[in-house]
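**Student:** The structure that follows is given in the form of structure tokens.
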DNA sequence: TCCGATAGCTAGGATTACTACCTATGCACT
DNA sequence: AGTGCATAGGTAGTAATCCTAGCTATCGGA
């Protein structure tokens with residue numbers, strides 16, 4: 004398994020929710036938003052995306068509706084109210100997590116906190 | 004399982020290596036360094052620490068040596084050359100990962116990039 | 001006609017952090 | 001003397017989740 008793989012653990016859900024911030028999207032579009040929004044870094048296989056979306060839907064954070072566009076079945080997902088709240092709180096959580104990791108990795112004792 | 008738990012996945016190894024940056028430490032001291040260095044955020048159980056250290060040793064990133072201090076057995080770990088290289092590259096990796104996640108989470112289109 | 005992009009899906013494997021438990025020493029308090 | 005806590009090490013088994021590998025299907029272009 005790639006090293007990159009494990010790094011996402013626990014953060015994928017927030018990222019998926021974030022892609023729905025500006026309106027509903029279907030799975031494949033979410034995948035592309037994630038890829039493009041990360042500069043190609045998070046180019047996840049559909050085998051990662053779809054199960055994760057089902058998980059989020061089961062958790063009541065997103066809801067999906069079927070539609071057909073050009074003969075292609077699409078399932079559009081949007082954030083529920085619960086999902087919006089969750090996104091907001093997880094965003095704060097990420098900031099703290101990232102700050103803690105960074106602090107441990109780069110112990111630059113600030114060049115003088117005035 | 005706690006949400007916090009999954010968040011660490013894939014990042015624990017780097018954090019453990021980082022605690023050895025300034026010299027050898029034994030497992031319990033590593034646990035404390037992690038706890039204190041993260042403001043109490045990463046207060047990991049020994050059942051997480053020790054297996055992870057064994058994993059890192061198997062991978063050749065750290066080496067441990069037994070000693071006895073005050074009747075207590077201690078296993079002191081230090082970074083190998085390979086481990087130092089790994090830490091350096093993973094630190095860069097973390098920066099990029101964190102930047103990508105942050106970019107996706109907070110789409111603040113900078114207030115004007117001059 | 002075949003291939004790639006789009007669009008959706010599942011089963012099973014691999015990894016990893018956790019819970020829960022165990023042993024043992026030294027010290028402080030009762 | 002006995003109890004509990006911090007220190008110090010460890011294991012077995014479980015849960016979570018992301019991946020690989022595979023599947024179906026439509027549409028447009030080479």
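Chains as they are written, first to last, in our numbering: chain A, 4 to 117; chain B, 4 to 117. Beta carbons: idealized from backbone N, C-alpha and C, even for Gly.
1. Could you tell me the boundaries of the alpha helix (DSSP H) in which residue 23/B lies?
2. Residue 106/B: which of 31/A, 105/A, 94/A and 84/A sits nearest, CA to CA?
3. Give, in chain order, every unbroken run of the alpha helix (DSSP H) that is at least 4 residues long and sits entirely within the segment 28-68 of chain B.
4. Give the DSSP-derived three-state secondary structure of residue 71/A in the structure shown.
5. In chain order, what residues of the same chain lie with their CB nearer than 8 Å to the CB of residue 4/B, ignoring the 5 residues before and after it?
6. Would you kindly check if the distance between the Cβ of residue 59/B and the Cβ of residue 90/B is under 8 Å?
7. So, does the CB of residue 44/B fall closer than 8 Å to a CB anywhere in chain A?
8. Do the segment 63-78 of chain B and the segment 12-28 of chain A touch if we need at least three Cβ pairs shorter than 8 Å?
9. Using a Cβ-Cβ cutoff of 9 Å, what residues of the segment 63-94 of chain B are near chain A? List them in chain order.
10. Could you tell me the distance, in whole angstroms, from the CA atom of residue 32/B to the CA atom of residue 13/B?
11. Output needed for residue 26/A: all residues of its chain with C-beta closer than 8 Å, excluding positions within five of it in sequence on either side, in chain order.
12. For residue 12/A and chain B, any beta-carbon pair shorter than 8 Å?
13. Taking the alpha-carbon positions, what's the residue 56/A to residue 102/A distance?
14. Would you kindly work out how many angstroms separate the C-alpha atoms of residue 83/A and residue 50/B, rounded to a whole number?
15. Hey, quick one: how far does the alpha helix (DSSP H) through residue 89/B stretch, first residue to last?
16. Which residues in the same chain have their Cβ closer than 8 Å to the Cβ of residue 86/A, if we skip the five residues on either side of it in sequence?
17. Excluding sequence positions up to five away, which residues of its chain have a Cβ less than 8 Å from the Cβ of residue 97/A?
18. So with Cβ pairs under 8 Å, would you call residue 51/B a contact of chain A?
**Tutor:** This is what the structure holds:
1. Note, residue 23/B: premise wrong, no alpha helix (DSSP H); not H, not E.
2. Nearest of 31/A, 105/A, 94/A and 84/A to residue 106/B, Cα basis: 94/A.
3. Taken in chain order, the complete alpha helix (DSSP H) segments of 4 or more residues contained in the segment 28-68 of chain B are 30-40 and 49-61.
4. Residue 71/A: strand per DSSP, three-state reduction.
5. Annotation note: pLDDT 47 at residue 4/B (below 50); position unreliable, coordinate value reported separately. So no residue of the chain qualifies.
6. Against a cut-off of 8 Å, the Cβ pair of residue 59/B and residue 90/B comes out as no contact.
7. Interface annotation, residue 44/B: in contact with chain A, CB-CB separation under 8 Å.
8. In this structure the segment 63-78 of chain B does not touch the segment 12-28 of chain A; the number of beta carbon pairs closer than 8 Å is below three.
9. The segment 63-94 of chain B vs chain A, Cβ under 9 Å: 90, 93 and 94.
10. Cα to Cα, the separation comes out at about 21 Å.
11. Closer than 8 Å at Cβ, skipping near neighbours: 81.
12. Output row for residue 12/A: interface = yes.
13. C-alpha separation (whole angstroms): 28 Å.
14. Residue 83/A and residue 50/B have their C-alpha atoms roughly 37 Å apart.
15. Start and end: 84-108.
16. Cβ within range, chain order: 20, 23, 59, 63, 64 and 65.
17. 14 and 17, listed in sequence order.
18. Among the residues facing chain A, residue 51/B is not included, as its CB has no counterpart in that chain under 8 Å away.
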